[in-house]
Structures are given as C-alpha cells and as structure tokens.
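*Asks:*
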Amino acid sequence: MSDDKAFSGKLTAWHRRHGRHDLPWQGTNDPYRIWLSEIMLQQTQVAAVIPYYRRFLEHYPTLTELAAAPVEEVMGLWSGLGYYARARNLHRCAQVVMDRHAGAFPQNPDVIAQLPGIGRSTANAIAAFCFGARAAILDGNVKRVLCRTHGIEGYPGVPAVEKILWSLAESLLPRRDSATYIQALMDLGATVCTRGKPRCLAEEKNCPVVDQCVARKQGRIAELPVARPRKILPQRETRVLLLLDGDKVLLERRPPSGIWGGLLSLPELPVGADPLAYAARTLGCEVTRFMTLPPLHHSFTHFHLTLLPLSGAAKLLPHTAEAAGHCWLGSVEIGAAALPAPIRKILSAAFQAGSAR
Ligand code: SF4
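Residue 356, in numbering that gives the first Met the number 0, is where the sequence shown stops; the numbers in between run on with no holes.
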C-alpha cells in the first residue's frame, strides 16, 4: 500500500471511532445547512458557532427565507460572531443563488467558488459533503496537520507554500469516500493536532498518523507550521517641543485625519528647523535654551515612532496672539484633555521632574 493510501486509510478508520459525528450540521447533505455552517466556522470555534447556527435556522429555515430577509436583520442575528463581512456575503450569496441558480446551490466546486464569500476550500467542502465530489480542502486545521505530517516548510499564507499544500492535499485524496477522509482531517486538526500541545499519543484518541509524522520524528512540532513572518516596521522620529510658562504648557491640535487625528499634542518641530527660531517665529514664544528629555518610543500598527522632546521655559512674546490651533493648558486642564498616551507620559514625567524649570 502506498504511503498516501495508508495515510488516508488510517485517518478514515480513526474517524469512525474518534471523529465528531453529532454536530448540528452533520447527518445532512442539504447545501443550505452545510454552507451556513462552513461560513460560520471560518475563524470561529465550533462551540461559539452552534447557538448562532441554530438561531439562523430558526429564523431562516431555508435559503429562500434568508435571501428575502433585510440585510440589517441578518447582520443583527450575526452580531457577536465577528468577521461581519461573512454575514453580508452570506446574504448576498443567498440572493445570487436565488437569482442566478433558481434557488438551487450549484454542484460544481468551481461554480460554487464564484459565489460571494466562498473560497476554494469552502466550495470544495460544500461540493464534497453535499454532492459527493472528490475535492480537497485546505482550511486552517488541515494546513496545520499537513505541514506537520509532511514537514512542509514556509509560512502557509504565502502563495508558493499554499500551492504546495493544495497539490499535497489533492494527491492524498482517496478514490473512495473522500468526504469521510476530509472530515477526518478536519477533526484531527480540531481535536488532536491542535496548535499548542497536540495530543499525539493521547490515550483516548491517539493520532492515527503518528508513525508517519515528520514534525514528530524530527522534534519540530512547535516549529510547524511556520509562523507568519513578523513584518519589519519602518522607524520614524520626530522632535516635539515642551514649552512651559509657569504651570502651563503649549499644546497644538492635530489635523482631523491621520495619526492622533483631532487630539491635542505637543508642537512638532519640522525636520531641520532650529527650535529657538521656530518657537519665536511660529509659536510666538521667547525661549532662552532647550533641554533634551529622554526619548519615548511608541509603536503604531504600521511604523515605530520615537519622540524626541525638547523642553524650555517660554514667555509669550508681547503683542503675539496664540498661533491658530494652539492653546496653553494648566496641569488640571491637561488631566481632562484628549491627549495621545505617549504625549501624556512625556508631560507627566516632565511635571514630576520639574525638568523644564
Ligand atoms: S503526530 Fe502529533 S503533530 Fe503529528 S499529526 Fe499527529 S497529532 Fe499532529
């Protein structure tokens, strides 16, 4: 027997005894029910899905009723399940099936994959479970199992690695009863070959492919699948002025959009500007010298920012109005003002140390 055949045979046999057989969407080949469960199960645990699945079926027992419902009502029923684009697509998909397929789910996986919100793996699962198609699936659980059993290198989210996984998943499909085999793979990933601490030799459910598993043989279970590479974020730095007049500090309002949009912040010194001249000409303040305060690092989702504060005792120059968008606030007012957290940190440290005096 080839290794591939042995692999699928062991999984199918394991599934008979240890697979999940009593989930609410099992024991049916109704495409509406299978599709609904497949969409709800994307990125979501079975236990969280079950009450939503039941509630949806109570409200919309058939695809026709779902398609006819107002989208706001569908979104409301979905509320709490997360990833709301799924609910919108679910509703659109029901309408497309009604309009273009006369209310009957198409059977060909390639045609199913054209419907809103349905990717290749979900389309194949629907075709396999409802219409007996011999089609491979590659959801998160299956990717994890295959990366471990076959020692697949590289992050599975990268197209080149995904391509290898699809071709492996297809080559492993048995000729007969492939629906049970793919269900077994999904169940193994969900209940035994879990992300952290897989239960390879758990007495009650011993992994059926433990002898073939490359990750286990090589002691690399924790390394496979390879984790998403950490993005290297750009570094930026900016000088900010902490101008104090007595117990008041000069703040400027940020533009409404962009980083810290609309919040009050410390005036930012343009690149290359001389702080004394900038304070006098732009902010209308006389400052005799600036002191450098410790830098403060802050990370946004798309870059790291280093704030370089310069503090100085300021006197508002005579006959100078406050520059537009600027205001002097005392420590009590600052407590209630909308400030970015890193700016508030700089101010607290400066007030505590009396560094500007
Ligand atoms: S032996 Fe362990 S790591 Fe390998 S497939 Fe089985 S459960 Fe997963």
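Heads up, the beta-carbon is just placed ideally off N, CA and C, and yes, glycines get one too.
Because the structure is a prediction, the values reported are computed rather than measured.
1) For R133, verify whether its CB is less than 7 Å away from any heavy atom of the ligand SF4.
2) Mind the definition here: the stretch 266-279 touches the stretch 340-351 only if three or more C-beta pairs lie below 8 Å; say whether that holds.
3) With H, G and I counted as helix, E and B as strand and the rest as coil, what does DSSP make of N123?
4) Please confirm whether A159 and L262 have their CB atoms less than 8 Å apart.
5) Which one or two residues does DSSP pair with E251 in a beta bridge?
6) Sorted by chain position, which residues of the same chain lie with C-beta nearer than 7 Å to V225's C-beta, five sequence neighbours on each side aside?
7) Specify whether the stretch 225-244 and the stretch 191-203 touch according to this definition: at least 3 beta carbon pairs, one from each stretch, less than 8 Å apart.
8) Please find out if some non-hydrogen atom of the ligand SF4 comes closer than 7 Å to the beta-carbon of I333.
9) Could you give the C-beta distance for R253 and S264, rounded to a whole number, given that I count them as a contact under 8 Å?
10) Do you know how far the Cα of A66 is from the Cα of A103?
11) Going by C-alpha to C-alpha distance, which of Q94, T43, M74, K314 sits closest to T61?
12) Going by C-alpha distance, which of G116, Q106, G79 is nearest R87?
13) Hey, out of R194, A189, S120, whose CA is closest to L164's CA?
14) Please name the residue, chosen from E71, A47, P266, R133, that lies closest to H325 on a Cα-to-Cα basis.
15) Around the Cβ of R356, are there at least 16 other Cβ atoms within 10 angstroms (buried) or fewer (exposed)?
16) Please classify N107 as buried or exposed, where buried requires at least 16 neighbouring CB atoms within 10 angstroms.
17) In chain order, what are the residue ranges of uninterrupted alpha helix (DSSP H) at least 4 long that sit wholly in the stretch 197-240?
18) Give me every residue whose Cβ sits closer than 6 Å to any heavy atom of the ligand SF4, in chain order.
19) Exposed or buried, what is V174 when buried is set at 16 or more other beta-carbons lying within 10 Å of its beta-carbon?
20) Are there 16 or more other CB atoms within 10 angstroms of the CB of I38, so buried, or fewer, so exposed?
21) Can you give me the Cβ contacts of N140 inside the same chain, cut-off strictly under 6 Å, excluding the 5 residues immediately before and after it?
22) Alpha helix (DSSP H) containing A101: first to last residue?
23) Pop quiz: L80 and A47 are said to be a contact at Cβ under 8 Å. What is the actual Cβ separation, rounded to whole angstroms?
24) What are the residues that DSSP puts in a beta bridge with E285?
25) Who are the near neighbours of H14 in its chain, counting only those whose CB is closer than 7 Å to its CB and skipping five residues on each side?
26) For the beta strand (DSSP E) that contains S170, what are its first and last residues?
27) What does M185 pair with, by DSSP beta-bridge criteria?
28) Leaving out five residues on either side along the sequence, give the residues of the same chain with a beta carbon under 6 Å from the beta carbon of Q41.
29) Find out if the Cβ-Cβ distance for the pair P30, I125 is shorter than 8 Å.
30) Using 10 angstroms around the beta-carbon of H382, count the other beta-carbons present and answer buried if the total reaches 16, otherwise exposed.
31) Just reading off the beta strand (DSSP E) that L62 is part of, what are its end residues?
32) Quickly, what does DSSP pair L242 with across the bridge? List them, please.
33) Kindly indicate which three-state DSSP category H14 falls into: helix, strand or coil?
34) Do the stretch 281-300 and the stretch 207-223 touch if we need at least three Cβ pairs shorter than 8 Å?
35) What three-state label does DSSP hand Y277 in the structure shown?
*Replies:* The relevant details are as follows:
1) Remark: the C-beta of R133 is outside contact range of the ligand SF4, defined as less than 7 Å to any heavy atom.
2) Contact between the stretch 266-279 and the stretch 340-351 is absent: fewer than three C-beta pairs spanning the two stretches fall below 8 Å.
3) Helix at N123.
4) With contacts defined by Cβ atoms closer than 8 Å, A159 and L262 do not form a contacting pair.
5) Paired residue(s): S264, H325.
6) For V225, where only same-chain residues beyond five positions count, the Cβ hits under 7 Å are E152, G153, Y154.
7) No, they do not touch.
8) I333 Cβ: outside cutoff for every heavy atom of the ligand SF4.
9) The Cβ separation is near 5 Å, so the contact holds.
10) One alpha carbon belongs to A103, the other to A66, and they sit about 12 Å apart.
11) The shortest C-alpha separation from T61 is found at Q94.
12) Looking at the Cα atoms, G116 is the closest of the given residues.
13) If we check each option's Cα against that of L164, S120 comes out closest.
14) Cα-wise, what sits closest to H325 is P266.
15) Legend: pLDDT at R356 = 48, less than 50; position of this residue unreliable, no value from coordinates given.
16) Classification for N107: exposed.
17) Qualifying alpha helix (DSSP H) stretches, in chain order: 213-216.
18) In chain order, the residues that have a beta carbon nearer than 6 Å to some heavy atom of the ligand SF4 are V144, R147, T148, V191, C192, P197, C199, C206, V208, V209, C212, A214, R215, I220.
19) Reading off the sequence, residue 174 comes out as Arg, not Val. Exposed, since its Cβ has fewer than 16 Cβ neighbours within 10 Å.
20) With 16 or more other CB atoms across the displayed protein chains lying within 10 angstroms of its CB, I38 is buried.
21) In chain order, M185, G188, A189 place their CB closer than 6 Å to the CB of N140, counting only its own chain and leaving out the 5 sequence neighbours on each side.
22) It is not in any alpha helix (DSSP H) - A101 carries neither H nor E in the DSSP assignment.
23) Confirmed, about 7 Å.
24) For E285, which the question treats as bridged, DSSP gives the partners K314.
25) Close CB contacts of H14 within its chain, under the 7 Å cut and outside five residues either way in sequence, are with T179, Q182, A183, D186 (chain order).
26) Note, S170: premise wrong, no beta strand (DSSP E); alpha helix (DSSP H) at 158-171.
27) Answer is none; M185 lacks a bridge partner.
28) Result list for Q41: empty, nothing under 6 Å.
29) Yes, these two residues count as a Cβ contact at 8 Å.
30) The question about residue 382 has no answer here: the residues shown for the chain are numbered 0 through 356.
31) L62: not part of any beta strand (DSSP E); member of the alpha helix (DSSP H) spanning 62-67, first to last residue.
32) Its beta-bridge partners are G311.
33) H14: helix per DSSP, three-state reduction.
34) No: fewer than three Cβ pairs fall under 8 Å.
35) Y277 falls in the helix class under three-state DSSP.
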